[in-house]
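**Student:** Before we start, here is the structure in question, set down as structure tokens.
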Amino acid sequence: MTDTHAFGHPFDRDDDKLREECGVFGIHGFADAAAHTALGLHALQHRGQEAAGIVTYDGHQFNAHRDLGLVGDIFASEQIMKRLVGRSAIGHVRYSTTGETVLRNVQPLFAHLQFGGFTLAHNGNLTNATALRRQLAQRGSLFQTTSDTEVIVHLMATSDASSMIDRLTDALRQIEGAYSLVALTDSCVIGVRDPLGVRPLVIGRLGETYIIASETCALDIIGATYVRDVAAGEMVVLDDSGIHSLRPFPPARQRFCIFEFIYFSRPDSLVDGSNVYNRRKQIGAELARESGIPADVVIPVPDSGVPAAIGYAEAAQIPFELGIVRNHYVGRTFIEPSQQIRNLGVRLKHNANRAALTGKRVVLVDDSIVRGTTSIKIVEMVRAAGATEVHMRIAAPPTAHSCFYGIDTPEPSELLASQMDVPAMARHIGADSLAFISMDGLYRAMGEAGRDADRPQYCDACFTGEYPTTLTDRDGDDTVAQLSLLAELA
Ligand code: SF4
Numbered sequence: 370m371t372d373t374h375a376f377g378h379p380f381d382r383d384d385d386k387l388r389e390e391c392g393v394f395g396i397h398g399f400a401d402a403a404a405h406t407a408l409g410l411h412a413l414q415h416r417g418q419e420a421a422g423i424v425t426y427d428g429h430q431f432n433a434h435r436d437l438g439l440v441g442d443i444f445a446s447e448q449i450m451k452r453l454v455g456r457s458a459i460g461h462v463r464y465s466t467t468g469e470t471v472l473r474n475v476q477p478l479f480a481h482l483q484f485g486g487f488t489l490a491h492n493g494n495l496t497n498a499t500a501l502r503r504q505l506a507q508r509g510s511l512f513q514t515t516s517d518t519e520v521i522v523h524l525m526a527t528s529d530a531s532s533m534i535d536r537l538t539d540a541l542r543q544i545e546g547a548y549s550l551v552a553l554t555d556s557c558v559i560g561v562r563d564p565l566g567v568r569p570l571v572i573g574r575l576g577e578t579y580i581i582a583s584e585t586c587a588l589d590i591i592g593a594t595y596v597r598d599v600a601a602g603e604m605v606v607l608d609d610s611g612i613h614s615l616r617p618f619p620p621a622r623q624r625f626c627i628f629e630f631i632y633f634s635r636p637d638s639l640v641d642g643s644n645v646y647n648r649r650k651q652i653g654a655e656l657a658r659e660s661g662i663p664a665d666v667v668i669p670v671p672d673s674g675v676p677a678a679i680g681y682a683e684a685a686q687i688p689f690e691l692g693i694v695r696n697h698y699v700g701r702t703f704i705e706p707s708q709q710i711r712n713l714g715v716r717l718k719h720n721a722n723r724a725a726l727t728g729k730r731v732v733l734v735d736d737s738i739v740r741g742t743t744s745i746k747i748v749e750m751v752r753a754a755g756a757t758e759v760h761m762r763i764a765a766p767p768t769a770h771s772c773f774y775g776i777d778t779p780e781p782s783e784l785l786a787s788q789m790d791v792p793a794m795a796r797h798i799g800a801d802s803l804a805f806i807s808m809d810g811l812y813r814a815m816g817e818a819g820r821d822a823d824r825p826q827y828c829d830a831c832f833t834g835e836y837p838t839t840l841t842d843r844d845g846d847d848t849v850a851q852l853s854l855l856a857e858l859a
């Protein structure tokens, strides 16, 4: 394992966006499994850009390489790829929500358990990891990382179940929160989605080989076809005899993360069975129907606002123009990240295209507002380029609550929508008007009649504050929380 540190990418982050934390990929029984995993992770790079890792199994031993940085940099070396021998592999890209970004936290994690080697990669976040960690440490477990994922490995190590699969099941029944996992043993690759299916996980096929990945874009890149989603609460096992489906949890109603459709997933992915691009266009169309306003041009905030802006422009019958141009190479700048350069902020990333803006009444479409810092600069930039009016339209409801399921959210005190109402937000960002899609509008764009208040069809907690699981670590009452999770699942 090489413990070199890649250079950071100080401008590649947009601190005014929520950040998806991780992407996972697994493949069993395919020559060059590591290279295919590296390609899959490259397609999932938008889900995490701080670190990546691959572990393979070659029939005798596990081979691992993990590092900080981008997939293309970490796995560019022929030497490294040659060491990742084997016909089975899993991989992971990450930001860090829990556990600081140090190499020992970079996944996949690896452990020698009673039945052999076990390696694990996790997308999501456990909401009782601190409580479980405390209990495990009291019983003598020695933790190697600060990552919540390691709790699963320790629960497996202390389980007395009689097989690897049963130990994993035993461990998963004790955790709460959101997880889409891929795991590798000396005989199989395992994929699991939490009982509510909060984070995505899909199954693909390449010839006779099955693949598990966070999104279908990771299947496309290796020429694999989409088979289906791993169902909420399903465990799939890929081994030499094919694919097997297990249902280790009591049935529960799925609560997929609705924000995957708004922002996290790639627009070319099929997520939860639906094309993300089309869903985003439908959100834009709903937004136009709900809060249309006379204007000359619809301008997306690139890149994530583009599909919603197209949908808005089509529904409102207003021309769509690229009024803001994004520089995609800011992540690779050679300029030192001094405070003065940081203050240039949005201008490093976006520039106004005057030809599309001067003298125009502009509808600006963005996917979400988090802190509002980028919105202020974008509105200012569009005005400075000669727009006569700037109306901001947002393809998400106001984001007023933190996510505990694997998305890096600022504290509520930093979320603009938790601090002020919509008119105050409009004044704050300097827009002539501001409107967000309504909750029912968002659900209509998902093909629903509206939000079912009694049994919501998705997780929408960062908008509503209604969390679909207990939050043991936040609320600090282990027993009550565990019991209510069990009651919810029953
Ligand atoms: S709280 Fe928001 S971002 Fe987090 S899983 Fe739920 S919908 Fe997704």
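Take 370 as the starting number for the sequence shown in our numbering and just add one per residue. Just so it is clear, CB atoms sit at the ideal spot from N, CA and C, and this is done for glycine as well. Because the structure is a prediction, the values reported are computed rather than measured.
1. Could you check whether the Cβ of Ile776 sits closer than 6 Å to any heavy atom belonging to ligand 1?
2. Which two residues bound the contiguous beta strand (DSSP E) that contains Cys391?
3. Starting from Asn647, trace the alpha helix (DSSP H) in both directions and tell me its first and last residue.
4. For Arg701, which three-state DSSP category applies?
5. For a test of the three-state rule: what should DSSP assign to Met750, helix, strand or coil?
6. Kindly indicate which residue of His760, Gly592, Ile396 and Gly674 has the alpha-carbon position closest to the one of Ile459.
7. Near Ile559, which residues of its chain fall below 6 Å by C-beta distance, leaving aside the five closest residues on each side in sequence?
8. Ligand 1 and Pro627: does the residue's C-beta get closer than 6 Å to at least one heavy atom of that ligand?
9. Based on the DSSP output, what are the partners of Phe867 in its beta bridges?
10. Excluding the five sequence neighbours on either side, which residues of its own chain have a C-beta within less than 6 Å of the C-beta of Leu541, listed in chain order?
11. Just checking Cys830 against ligand 1 - is the residue's beta carbon closer than 6 Å to any of the ligand's heavy atoms?
12. Within the same chain, show all residues whose beta-carbon is closer than 6 Å to that of His523, passing over the 5 residues directly before and after it, in chain order.
13. If contact is defined by three or more beta carbon pairs under 8 Å, each pair taking one atom from either stretch, is the segment 436-444 in contact with the segment 483-500?
14. At a cut of 8 Å, does the segment 587-595 reach the segment 738-746 through at least three beta carbon pairs?
15. Helix, strand or coil, according to DSSP, for His770 in the structure here?
16. By how many angstroms is the C-alpha of Arg536 removed from the C-alpha of His613?
17. With three or more C-beta pairs closer than 8 Å as the rule, is the segment 681-696 touching the segment 715-732?
18. Using 8 Å as the Cβ pair cut-off and three pairs as the minimum, do the segment 811-830 and the segment 579-586 touch?
19. Just reading off the alpha helix (DSSP H) that Thr841 is part of, what are its end residues?
20. Residues in its own chain within less than 7 Å of Thr499 by CB, not counting five upstream and five downstream?
21. Where Ile738 and His797 are concerned, what is the direct C-alpha to C-alpha distance, given to the nearest angstrom?
22. Give the secondary structure of Ala445 by DSSP, where H, G and I count as helix, E and B as strand, and everything else as coil.
23. Run the CB neighbour count on Tyr698, radius 10 Å, all protein chains shown included, and call it buried at 16 or more, exposed below.
24. Taking all protein chains shown into account, decide if Leu855 is buried (16 or more other Cβ within 10 angstroms of its Cβ) or exposed.
25. For Met450, which of helix, strand or coil comes out of DSSP?
26. Buried or exposed for Asp844, please, with buried defined as at least 16 other CB atoms from any protein chain shown within 10 angstroms of its CB.
27. Following the continuous beta strand (DSSP E) through Ala721, name the residue where it begins and the one where it ends.
28. What is the rounded straight-line gap between the Cα of Val424 and the Cα of Ala403?
29. Could you tell me if Asp790 is buried or exposed, where buried requires 16 or more neighbouring beta carbons within 10 angstroms of its beta carbon?
30. What does the alpha-carbon distance come out to for the pair Val667 and Gln513?
31. Which class does Pro669 belong to by DSSP, given the choice of helix, strand or coil?
32. How far does the alpha helix (DSSP H) with Val675 in it extend, from its first residue to its last?
33. Any idea which residues DSSP pairs Gly493 with across the strands?
34. Can you tell me which residues form a DSSP beta bridge with Ser802?
35. Whose C-alpha, out of Phe444, Gly816, Leu408 and Ala412, is nearest the C-alpha of Lys318?
36. Straight-line CA distance for Gly755 to Ala664?
**Tutor:** Taking the structure as given:
1. yes
2. Cys391 to His397
3. Val645 to Ser660
4. Model confidence at Arg701 stands at a pLDDT of 47, short of 50, so the residue's coordinates are unreliable; what they give is reported in the following sentence. Of the three classes helix, strand and coil, the one that applies to Arg701 here is helix, per DSSP.
5. helix
6. Ile396
7. Ala552 and Val606
8. Sequence check: residue 627 is Ile here, not Pro. At least one heavy atom of ligand 1 is nearer than 6 Å to the Cβ of Ile627, so yes.
9. Here the chain has residues from 370 to 859 only, and residue 867 is not among them.
10. none
11. The question names Cys, but residue 830 is Ala in the sequence shown. True, at least one ligand heavy atom lies under 6 Å from that Cβ.
12. Leu505 and Ser510
13. no
14. no
15. coil
16. 17 Å
17. yes
18. no
19. Thr841 to Asp844
20. Asp842
21. 12 Å
22. coil
23. exposed
24. Model confidence at Leu855 stands at a pLDDT of 43, short of 50, so the residue's coordinates are unreliable; what they give is reported in the following sentence. With fewer than 16 Cβ atoms within 10 Å of its Cβ, Leu855 is classed as exposed.
25. helix
26. exposed
27. His719 to Ala721
28. 8 Å
29. exposed
30. 51 Å
31. strand
32. Val675 to Ala685
33. Tyr548
34. His760
35. Residue 318 lies beyond the stretch modelled for the chain, which goes from 370 to 859, so this question has no answer here.
36. 14 Å
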